[in-house]
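> With full-length UniProt numbering, letter number 197 in the sequence shown gets 197, and the count goes up by one each step, no holes.
Input: one structure, supplied below.
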Amino acid sequence: MSQSKGGRGGAAAKSKKGSKPGGEEKREAALQAVACLIADDFQTRFLPFSLDKPRCLLPLANTPLIEYTLEFLAMNDVKEVFIYCGAHYEQIERYIQNSRWLPIAQSSPFSVLEFIRVADARSEGDFLRDLDGRGIIGGDFLLVHGDLISNLSLEGALAAHRARREANRDSCMTMVLREAGEAEHHTKARTKSPIFIVDPRKNRCLHYEELNPFQADRYVDLDPTILENSEAEARIDLVDAQIDICTPDVLALWSESFDYELPRANFLHGVLKDWELNGKMIHTEIVTEGYSARATNLQMYDAISHDIVGGWAYPFTPDCNLLKGQTYQLRNDNIYQEDDVFVEDDAEAIDAVLGRDTHVGSKSIIQNSIIGRNCKIGSNVRIINSFIWDDVEIEDDAVIEHAIVADTTHIGRGVAVREGCLVSYGVRIGEKLDIGASTVLSLLSHSRSPLESQPKVVGPQGKGARFLYPEEDEAGAEDLERLENSLIYNLEQFDIETSSVSSLGDDGLSDDDSEAASTTPSQPTVRSRLSSFASDDSGAPNFSSFHADAVHGLLEVLRGSVGDFDSEKLEFTSLRLANNASDVAMRKAVATAFVRRAVELMNAESSGLDASKAAKETLTSREGASSFVADVGVGGDSVSEQLEFALAVQRACVSSTKVIEVGKAGNLLAAMLQQMYDLDVLEEDGLLAWWEDARGKEGEVMPVVRAKCQPLIEWLENAEEESDEDDDDSD
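Listed below in structure tokens is the structure:
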């Protein structure tokens with residue numbers, strides 16, 4: 001990524017005398033004076049709500065998430081804040097410009113607050129590499145995200161960081177982690193379980209791994225050299241809100257590897273794994289008091305919201321009134337209520353938050369719920385353990401159980417919204433409908449195109465449709481995304497063994513360890529590692545590792561960065577054998593890599609190609625590319641093998657709709673299949689069989705992308721008919 005692209009916008013800094021044009025001077029600030037705040041990352045969590053708003057502006061206990069983060073920075077004497085945004089950066093900038101945080105406001109604790117835009121950013125790693133290229137960070141800084149809720153004082157962590165830095169300049173980062181005990185804790189990450197291997201004497205982090213319920217390999221694999229000279233503890237009892245005290249060396253490490261996208265799974269894991277090469281050390285500061293958590297998904301949003309209402313995140317309670325104009329007061333039955341709220345005498349509210357201008361009708365019950373401003377709640381309504389945002393109308397006799405209902409939504413008379421439902425902005429549900437558990441309703445698809453209303457779901461007069469989540473590239477990623485976007489953590493809907501999710505092996509355990517293991521079944525096994533491609537004892541493959549490594553290697557060859565397809569074929573085969581990857585995984589990796597390369601060519605700023613030219617460039621510019629696809633991707637001449645590969649290409653094009661429009665993805669699919677037909681990679685029978693296969697018509701986006709191929713299929717069918725007629729004539 002070019003370091004010169006992008007620019008600053010939004011809230012302007014208070015300039016320092018003698019600054020360089022654009023304010024690009026180095027700031028030799030005190031350790032606690034500078035913070036980089038990633039206001040909104042590129043994760044697709046909080047769908048469908050994040051289609052219209054950035055996650056950091058969504059209401060948590062009726063206050064935008066970013067307010068808690070900025071308050072945390074102010075509490076810790078941060079003076080200069082640089083804000084990076086992903087999606088919806090205009091909304092975030094506009095919000096800050098109208099807030100008390102702008103430096104020109106007398107109430108602002110910040111002397112500098114700047115937005116930095118990066119035009120072609122695709123990940124958090126792009127942000128941090130851009131920050132390194134700008135050269136505006138001259139000293140240590142704090143790195144946080146805009147969905148952080150924390151009351152921690154960093155004074156002790158900062159002092160420890162300083163001392164380590166003075167003793168050894170290779171100490172480059174300190175992670176502030178909160179101890180939460182080994183038992184289940186509601187603010188612990190559940191969809192992805194972080195495992196920290198630390199040296200308890202030096203507080204040094206030796207290894208980091210993430211496990212999720214859909215991985216085939218449920219072990220943490222360690223290089224034996226980690227244990228040669230150090231004690232090591234496997235810590236699964238930590239809440240990681242990603243509060244990092246960083247030196248400029250951290251930015252340099254990001255810039256050295258453009259493969260790093262995520263702070264933990266990529267950067268932390270990679271830096272620790274390559275410690276002998278980079279020589280940099282990362283430490284932990286584990287605190288036992290205070291509150292810290294990130295609203296990274298809806299389950300965490302749910303947990304943190306109730307913590308705030310329950311006073312566990314004090315002083316962050318609704319009646320601290322972080323926003324100008326808020327007037328919350330704590331009343332009986334643990335009710336936080338603003339001015340101008342009217343609750344009928346025979347209505348009941350317990351453990352709830354009620355926003356201004358909300359009306360609660362007769363005999364209605366609101367329990368353990370948060371209600372926004374200007375909501376009209378009818379009579380005999382029951383709202384339990386739910387979140388109702390602003391300007392919502394709920395008619396008489398409705399029932400809402402553990403659900404989220406977004407702004408300007410209308411819930412009709414007698415409607416039941418069941419557990420786990422998500423109702424997005426502007427949806428209207430007719431009368432006397434039962435919205436089944438975990439149903440997601442929206443006006444927009446994941447690509448932000450309008451959805452056609454489904455009367456069977458929302459009623460004849462309703463407005464909205466079922467929302468379908470996009471497919472993911474990596475094995476198991478689609479299920480993981482569904483789980484992370486769910487309000488309720490429930491593995492029963494997935495085809496996995498519960499025992500495999502939280503089992504502890506006996507490898508290398510002493511008798512004492514085995515006894516402890518029986519009481520803590522969720523702990524992973526720590527075992528030594530000799531190869532970077534490992535499977536568990538049953539031979540189950542690590543598909544996630546195979547897919548990522550295979551796609552990366554193919555992209556490098558397609559870009560002309562390394563090697564050729566003859567050598568890549570050997571690498572790919574070795575990778576497959578090391579991971580015991582299936583034919584399905586092989587096809588998926590090849591299809592994903594070639595489609596991604598075509599998308600790169602289409603999205604190139606200066607010389608973006610149309611779909612036809614991008615497909616041709618991808619398949620023909622590098623010698624041996626089409627042969628590789630035929631030999632490795634398709635793998636044979638049978639119709640079934642060609643059908644499966646065409647289906648894999650279709651799915652890869654559907655996944656690309658995160659970065660290109662659905663129509664362009666359809667054009668790309670048609671162009672790729674046309675090129676493969678012209679290059680004899682796919683044959684007529686294989687393409688026709690793919691067209692008839694029901695799997696290509698599933699879901700919301702698959703049929704739309706597939707439709708662009710109809711002219712190609714019609715041409716093939718006509719050609720086949722003409723060939724048959726010629727055969728008859730010759731007979």
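Just so you know, even glycine gets a beta-carbon here, dropped at the ideal spot from N, CA and C.
1) In whole angstroms, give me the CA-to-CA distance for ASP259 and TYR219.
2) Decide if GLU336 is buried, meaning its Cβ has at least 16 other Cβ atoms within 10 Å, or exposed.
3) Anyone know if the C-beta pair for ARG294 and LEU441 falls short of 8 Å?
4) Compute the distance between the beta-carbons of LEU668 and CYS709, then report whether it is under 8 Å.
5) Tell me, please, whether the region 442-453 touches the region 261-278 by the rule of three or more beta-carbon pairs shorter than 8 Å.
6) By Cβ distance, which residues of its chain are closer than 8 Å to PHE72, with the 5 residues on each side in sequence left out?
7) Who does HIS145 pair with in a DSSP beta bridge?
8) Applying the criterion that 16 or more other CB atoms from any shown protein chain within 10 Å of the CB defines a buried residue, is GLU623 buried or exposed?
9) Answer yes or no: do CYS172 and MET300 have a C-beta to C-beta separation smaller than 8 Å?
10) By the 10 Å Cβ neighbour count, where 16 or more other Cβ atoms means buried, how is TRP389 classified, buried or exposed?
11) I believe THR358 touches VAL381 by the beta-carbon criterion, under 8 Å. Please report the beta-carbon distance rounded to the nearest angstrom.
12) Among HIS547, VAL590, LEU554, PHE196, which one has its Cα closest to the Cα of ASN580?
13) Using C-beta distances below 7 Å, list every residue in its chain close to PHE49, excluding the 5 sequence neighbours before and after it, in chain order.
14) For a test of the three-state rule: what should DSSP assign to GLN106, helix, strand or coil?
15) Could you say if the region 106-114 and the region 84-95 meet the contact criterion of at least three C-beta pairs nearer than 8 Å?
16) Is it true that the region 626-633 meets the region 693-710, where meeting means three or more beta-carbon pairs spaced less than 8 Å apart?
17) Shortest alpha-carbon distance to ALA159 belongs to which of ASP319, CYS36, ASP170, THR174?
18) With the cut-off set at 8 Å, would you say ALA615 and ALA598 are in Cβ contact?
19) For the candidate residues LEU227, VAL392, ILE366, SER386, whose alpha-carbon lies nearest to that of LYS376?
20) With the cut-off set at 8 Å, would you say THR284 and ASN203 are in Cβ contact?
21) Among GLU348, LEU354, GLU644, which has the Cα closest to the Cα of LYS363?
22) Measuring only the C-alpha atoms, how far is LYS658 from HIS88?
23) I'd like the list of long-range same chain contacts for residue 740, defined as Cβ closer than 7 Å, with 5 residues on each side in sequence excluded.
24) Would the beta-carbon of ILE197 fall within 8 Å of that of ALA232?
25) Along the chain, where does the alpha helix (DSSP H) containing SER386 start, and where does it finish?
26) Going by alpha carbons, who is nearest to LEU70 out of GLU684, ILE38, GLY86, ALA180?
27) Who are the near neighbours of THR618 in its chain, counting only those whose CB is closer than 6 Å to its CB and skipping five residues on each side?
28) Taking buried to mean at least 16 other C-beta atoms within 10 Å of its own C-beta, is ILE383 buried or exposed?
29) Identify the residues that DSSP records as bridge partners of ALA352: which are they?
30) Tell me, which residues are paired with VAL405 by DSSP?
31) Measure the alpha-carbon distance for ASP237 versus ASP77 and round it to whole angstroms.
32) I'd like to confirm the pairing. Which residues does DSSP put opposite HIS410 in its beta bridges?
33) Determine whether the beta carbon atoms of VAL239 and ALA180 lie at a separation below 8 Å.
34) Express the C-alpha separation of SER486 and ASP345 in angstroms, rounding to a whole number.
35) Looking at ILE429: is its Cβ nearer than 8 Å to the Cβ of VAL399?
In short, the structure shows the following:
1) As a first step, residue 259 is located in the sequence shown; it is residue number 259 there, counting from the start. As a first step, residue 219 is located in the sequence shown; it is residue number 219 there, counting from the start. Distance between the alpha carbons of ASP259 and TYR219 is about 24 Å.
2) On the sequence shown, residue 336 is found 336 positions in, with the first residue counted as 1. The amino acid occupying residue 336 in the given sequence is Tyr; Glu does not appear at that position. With 16 or more Cβ atoms within 10 Å of its Cβ, TYR336 is classed as buried.
3) As a first step, residue 294 is located in the sequence shown; it is residue number 294 there, counting from the start. As a first step, residue 441 is located in the sequence shown; it is residue number 441 there, counting from the start. In this structure, LEU441 does not lie closer than 8 Å to ARG294 by Cβ.
4) Residue mapping note: residue 668 aligns to position 668 of the sequence shown, counting from 1. Residue mapping note: residue 709 aligns to position 709 of the sequence shown, counting from 1. Contact flag unset, no.
5) no
6) Taking the sequence shown and counting its residues from 1, one reaches residue 72 at position 72. VAL144, LEU148, ILE149, SER150, ASN151, LEU152, listed in sequence order.
7) Locating residue 145 in the sequence shown gives position 145, counting from the first residue. The partner list for HIS145 (beta bridge, DSSP) reads ILE38.
8) Translated into the one-based positions of the sequence shown, residue 623 becomes position 623. Classification for GLU623: exposed.
9) Working through the sequence shown from its first residue, we reach residue 172 at position 172. Working through the sequence shown from its first residue, we reach residue 300 at position 300. It is not a contact, given that the beta carbons lie outside the stated cut-off.
10) As a first step, residue 389 is located in the sequence shown; it is residue number 389 there, counting from the start. Buried, because 16 or more other Cβ atoms sit within 10 Å of the Cβ of TRP389.
11) Sequence index remark: in the sequence shown, residue 358 carries index 358 (1-based). Sequence index remark: in the sequence shown, residue 381 carries index 381 (1-based). Not confirmed; about 12 Å, so no contact.
12) Stepping through the sequence shown from its first residue, residue 580 is reached at position 580. The shortest Cα separation from ASN580 among HIS547, VAL590, LEU554, PHE196 belongs to HIS547.
13) Looking up residue 49 in the sequence shown gives position 49. The residues are LEU58, ALA406, SER424.
14) Mapped onto the sequence shown, residue 106 falls at position 106. DSSP places GLN106 in coil when its eight states are reduced to three.
15) no
16) no
17) Mapped onto the sequence shown, residue 159 falls at position 159. When each option's Cα is compared against that of ALA159, the closest is THR174.
18) On the sequence shown, position 615 is the one that residue 615 refers to. On the sequence shown, position 598 is the one that residue 598 refers to. Their beta carbons are under 8 Å apart, which means ALA615 touches ALA598 by this criterion.
19) In the sequence shown, the residue the question calls residue 376 occupies position 376. Out of LEU227, VAL392, ILE366, SER386, VAL392 has the C-alpha closest to the C-alpha of LYS376.
20) Residue numbering aside, residue 284 sits at position 284 when the sequence shown is read from its first letter. Residue numbering aside, residue 203 sits at position 203 when the sequence shown is read from its first letter. A contact, by the Cβ cut-off of 8 Å.
21) Translated into the one-based positions of the sequence shown, residue 363 becomes position 363. Of the candidates GLU348, LEU354, GLU644, the one whose C-alpha sits nearest the C-alpha of LYS363 is GLU348.
22) As a position in the sequence shown, residue 658 is number 658, starting the count at 1. As a position in the sequence shown, residue 88 is number 88, starting the count at 1. Cα to Cα, LYS658 sits roughly 15 Å from HIS88.
23) This structure leaves residue 740 out entirely; the chain is present only between 1 and 731.
24) Taking the first residue of the sequence shown as 1, we reach residue 197 at position 197. Taking the first residue of the sequence shown as 1, we reach residue 232 at position 232. Against a cut-off of 8 Å, the Cβ pair of ALA232 and ILE197 comes out as a contact.
25) One-based indexing of the sequence shown puts residue 386 at position 386. First-last for SER386: undefined, no H or E at that position.
26) Position 70 of the sequence shown, counting from 1, holds the residue named residue 70. It is ILE38 whose Cα lies nearest to the Cα of LEU70.
27) In the sequence shown, residue 618 corresponds to position 618, counting from 1. Closer than 6 Å at Cβ, skipping near neighbours: PHE594, ARG597, ALA598.
28) Position 383 of the sequence shown, counted from the start, is the residue given in the question as residue 383. Answer is buried; the Cβ neighbour count reaches 16.
29) To locate residue 352, count along the sequence shown from 1; it is residue 352. In the DSSP output, where bridge partners are listed per residue, ALA352 has ILE335.
30) Against the sequence shown, residue 405 aligns to sequence position 405. Answer is ILE388, VAL423, bridged to VAL405.
31) Along the sequence shown, one-based indexing puts residue 237 at 237. Along the sequence shown, one-based indexing puts residue 77 at 77. Approximately 29 Å, taken between the alpha carbons.
32) Translated into the one-based positions of the sequence shown, residue 410 becomes position 410. Note: HIS410 sits in a beta bridge opposite GLU393, ARG428.
33) If you number the sequence shown from 1, residue 239 lands on position 239. If you number the sequence shown from 1, residue 180 lands on position 180. Yes; because the gap between Cβ atoms is below 8 Å, this pair is in contact.
34) The sequence position of residue 345 within the sequence shown is 345, counting from 1. The sequence position of residue 486 within the sequence shown is 486, counting from 1. Cα to Cα, the separation comes out at about 36 Å.
35) The residue given as residue 429 occupies position 429 in the sequence shown. The residue given as residue 399 occupies position 399 in the sequence shown. Cβ distance not < 8 Å, so ILE429 and VAL399 don't count as in contact.
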